[in-house]
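Visitor: Chains as they are written, first to last, in my numbering: chain B, 1 to 334; chain D, 1001 to 1259. Heads up, the beta-carbon is just placed ideally off N, CA and C, and yes, glycines get one too.
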């Protein structure tokens, strides 16, 4: 692969974690890695992007109160149709990333591959890997037509590693020392009515403790909790373990907790040191989001629950009895 | 206010999914059900029409084989009609091909609003609704956790990494809803009976003026190369709770140096 672009979401000059993962991956199979970024602070994100391998940063700049999808997709498409054509565009599977990928796909009339968990470049073309059927099977796919390929990749599929000085000095598959990339302005063409939505207010939800997708310990609850009130057991156990609370889709669908808590195919992918599944049977939908945890503890009444087939420690019991005792013991140790 | 809701009919999620050995497309035999994820969109459409005091909810769906069983429940809870694009050439369509078909069907309906789930349960590509918006040159608001229409504007709370954004958007527009945003109603007996006589318009790809080469497996321009069993995690130790099982959890966490 000659040239790979990575879509670089950033907030206040700090690139999202997935961006650094994608830059690291891109370095593995692209001769040239470039980033496309936008929003206030985009210029100060460039340094960090360079440290992870971007030699050029295409800066769309401030997009005001627009949602990113229409403007970012239109800018990238116009640039590509103007002749600067990368071989692949890597996009993180985030809220905005999926919007951009979708609109870009239409603008370029090119297909997208989504939910990618791995990329193999060993024979020159990019072969993507997708976890299907709850992660019990691995599907490999590739594009058959012309590029650039639009790849939407799930978080935690690659480890993020900065370009080390030694690596750069050898210069093998890597570009020039990339600490300060070239910043070029990427123009936004007229987006018309497609860009008519406006953000009128931004709300940050107070969350104490670590973020769900970064926590070393994740404690998730499911239907087995019996009632929405019992979710407080999950919150408290997570807090005592300095972890983050999560949820199965079943209780998000039922309105017990907001969507932001959801772990699974729809929802967050987590890779903690310990994942504690409480009252979760282990639907394929859920397993695909947590089966890469280093250690899995499952507590469930049903001995036949699929979650026990992947748990390192399985407790067959009622979560509403086991968790209060756990909480009591942990409190006593404080 | 007229709302079009995209609904997908999928194999029953209660039975294990399988892929066709030849082309790795999903086996879709037997009775199809409406994707649970779409029940929230249908309910939301009904609520918005009720709040507006007029208009109707139409369903838009695509299937290779004329299947309608998954549409009846949505008609039974109050959708007025359905458009089903059904054509053998649609088998193997990717997200973009699907979006082209649904966008063409939606154009005929001229709705004020299109609602879809953020992603389907079976294919979960998660790009089709916003591709539809771009094909129609409409604005879109994805990952809505609350939706209302006031003063001619769609007002949405959109999920973000940090919390949520309040977004205002003129109509027509596409909105995608996360599961659990509303409580889908159950069909009444009267509703179920009425659904049997509600119109389902069946269209072919040619009726939409689309080139068959753009849709189906031919238009997908992507190919599954292989499917194999993933490295399996092994089941570990099982402890039956006798009132002291929490102690084993504590010692396990100690082993891992979490405690």
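Could you round the C-beta distance between residue 1099 of chain D and residue 1077 of chain D to whole angstroms and report it? I think they count as a contact, below 8 Å.
Guide: The residue you call residue 1099 of chain D lines up with position 99 of the second chain. The residue you call residue 1077 of chain D lines up with position 77 of the second chain. Not really, about 26 Å apart at Cβ, beyond 8 Å.
Visitor: Do residue 247 of chain B and residue 220 of chain B have their beta-carbon atoms positioned less than 7 Å apart in this structure?
Guide: Sequence index remark: in the first chain, residue 220 of chain B carries index 220 (1-based). Sequence index remark: in the first chain, residue 247 of chain B carries index 247 (1-based). In contact: residue 220 of chain B and residue 247 of chain B (Cβ atoms closer than 7 Å).
Visitor: Identify every run of the beta strand (DSSP E) within the region 1056 to 1092 of chain D, keeping only runs that are complete inside it and at least 3 residues long; order them along the chain.
Guide: Those beta strand (DSSP E) runs which fall completely within the region 1056 to 1092 of chain D and span 3+ residues are 1057 to 1063, 1081 to 1086.
Visitor: Closer than 6 Å by C-beta to residue 318 of chain B: which residues in its own chain qualify, once you throw out the five before and the five after it? Chain order, please.
Guide: Translated into positions along the first chain, residue 318 of chain B becomes position 318. Within the same chain, residue 318 of chain B has close Cβ partners 301.
Visitor: Can you confirm whether the region 72 to 81 of chain B touches the region 199 to 217 of chain B when touching is taken to mean that 3 or more C-beta pairs between the two stretches lie within less than 8 Å?
Guide: No contact exists between the region 199 to 217 of chain B and the region 72 to 81 of chain B.
Visitor: Return the residues of the region 1240 to 1251 of chain D that lie within a Cβ-Cβ distance of less than 9 Å from chain B, sorted by chain order.
Guide: Hits within the stretch, in order: 1240, 1241, 1242, 1243, 1244, 1245, 1246, 1247, 1248, 1249, 1250.
Visitor: To the nearest angstrom, how far is it from the Cα of residue 54 of chain B to the Cα of residue 181 of chain B?
Guide: As a working note, residue 54 of chain B is residue 54 in the first chain. As a working note, residue 181 of chain B is residue 181 in the first chain. Roughly 6 Å separates the two Cα atoms.
Visitor: With contact counted as at least three CB pairs below 8 Å, one residue from each stretch, are the region 1187 to 1196 of chain D and the region 92 to 99 of chain B in contact?
Guide: Segments in contact, no.
Visitor: Got a sec: which bits of the region 224 to 249 of chain B sit with their beta carbon under 9 Å from any beta carbon on chain D, in order along the chain?
Guide: Answer in chain order: 241, 242, 243, 249.
Visitor: Going straight from the alpha carbon of residue 1181 of chain D to that of residue 1154 of chain D, what length do you get?
Guide: As a working mapping, residue 1181 of chain D is identified with position 181 in the second chain. As a working mapping, residue 1154 of chain D is identified with position 154 in the second chain. The straight-line gap from Cα to Cα measures roughly 16 Å.
Visitor: Could you check what DSSP says for residue 254 of chain B in three-state terms: helix, strand or coil?
Guide: Against the first chain, residue 254 of chain B aligns to sequence position 254. It is coil, neither helix nor strand.
Visitor: I need the boundaries of the beta strand (DSSP E) containing residue 199 of chain B, first residue and last residue.
Guide: Your numbering for residue 199 of chain B matches position 199 in the first chain. Note, residue 199 of chain B: beta strand (DSSP E), 198 to 204.
Visitor: How long is the line joining the alpha carbons of residue 235 of chain B and residue 244 of chain B, rounded to whole angstroms?
Guide: To locate residue 235 of chain B, count along the first chain from 1; it is residue 235. To locate residue 244 of chain B, count along the first chain from 1; it is residue 244. Those two C-alpha atoms are separated by around 8 Å.
Visitor: Among B:287, B:332, B:293, B:279, which residue has its Cα nearest to the Cα of residue 316 of chain B?
Guide: Looking up residue 316 of chain B in the first chain gives position 316. For residue 316 of chain B, the nearest C-alpha among the options comes from B:279.
Visitor: What residues are listed by DSSP as bridge partners for residue 5 of chain B?
Guide: Your numbering for residue 5 of chain B matches position 5 in the first chain. Paired residue(s): B:34, B:89.
Visitor: Among the candidates D:1256, D:1242, D:1237, whose CA atom is the shortest distance from the CA of residue 241 of chain B?
Guide: Residue numbering aside, residue 241 of chain B sits at position 241 when the first chain is read from its first letter. Among D:1256, D:1242, D:1237, the Cα nearest to that of residue 241 of chain B is on D:1256.
Visitor: Which chain B residues sit within Cβ distance under 7 Å of residue 1233 of chain D?
Guide: Start at 1 with the first residue of the second chain, and residue 1233 of chain D comes out as number 233. Those within 7 Å of residue 1233 of chain D in chain B are 291, 310.
Visitor: Run through chain D and tell me which residues come within less than 7 Å of residue 204 of chain B, C-beta to C-beta.
Guide: Position 204 of the first chain, counted from the first residue, corresponds to residue 204 of chain B. Per Cβ cutoff of 7 Å: 1162, 1163.
Visitor: Would you decide whether residue 175 of chain B is buried or exposed? Buried here means 16 or more other CB atoms lie within 10 Å of its CB.
Guide: Within the first chain, residue 175 of chain B is the residue found at index 175, counting from 1. Low confidence applies here, because residue 175 of chain B scores a pLDDT of 48, under 50, leaving its location unreliable; read the following figure in that light. It counts as buried.
Visitor: Just the chain B side, please: which residues come within less than 8 Å of residue 1229 of chain D by C-beta, in chain order?
Guide: On the second chain, residue 1229 of chain D is found 229 positions in, with the first residue counted as 1. In chain order: 136, 137, 138.
Visitor: Measuring alpha carbon to alpha carbon, tell me which of D:1059, D:1253, D:1024 ends up nearest residue 1073 of chain D.
Guide: For this step, residue 1073 of chain D is matched to residue 73 along the second chain. Closest option to residue 1073 of chain D, Cα to Cα, is D:1059.
Visitor: Does any residue of chain B have a CB that is nearer than 7 Å to the CB of residue 1221 of chain D?
Guide: Residue 1221 of chain D sits at position 221 when you count from the first residue of the second chain. Answer yes: the Cβ-Cβ gap between residue 1221 of chain D and chain B drops below 7 Å somewhere.
Visitor: Does the beta-carbon distance from residue 1091 of chain D to residue 1191 of chain D come in below 7 Å?
Guide: The sequence position of residue 1091 of chain D within the second chain is 91, counting from 1. The sequence position of residue 1191 of chain D within the second chain is 191, counting from 1. No; because the gap between Cβ atoms is not below 7 Å, this pair is not in contact.
Visitor: By DSSP, does residue 169 of chain B sit in helix, in strand, or in coil?
Guide: Your numbering for residue 169 of chain B matches position 169 in the first chain. Only weak support is given to the placement of residue 169 of chain B: the predicted model assigns it a pLDDT of 47, under 50, and the value that follows is read from those uncertain coordinates. Note: residue 169 of chain B maps to helix in three-state DSSP.
Visitor: With a floor of 4 residues, list each alpha helix (DSSP H) that falls wholly inside the region 270 to 306 of chain B, ordered by position along the chain.
Guide: Qualifying alpha helix (DSSP H) stretches, in chain order: 284 to 290.
Visitor: Taking a cut of 7 Å between CB atoms, which residues from the region 1036 to 1048 of chain D lie near chain B?
Guide: If the cut-off is 7 Å between Cβ atoms, the region 1036 to 1048 of chain D has nothing near chain B.
Visitor: Please list, in chain order, the residues of the region 1106 to 1128 of chain D that have any C-beta partner in chain B closer than 8 Å.
Guide: So the close ones are 1118, 1119, 1121, 1124, 1125, 1126, 1127, 1128.
Visitor: Just grab the DSSP bridge partners of residue 82 of chain B for me.
Guide: Taking the first residue of the first chain as position 1, residue 82 of chain B is located at position 82. According to DSSP, residue 82 of chain B bridges with nothing at all.
Visitor: I think residue 22 of chain B touches residue 81 of chain B, with their Cβ atoms under 8 Å apart; what is that distance to the nearest whole Å?
Guide: Taking the first residue of the first chain as 1, we reach residue 22 of chain B at position 22. Taking the first residue of the first chain as 1, we reach residue 81 of chain B at position 81. Contact doesn't hold; Cβ gap of about 23 Å is too wide.
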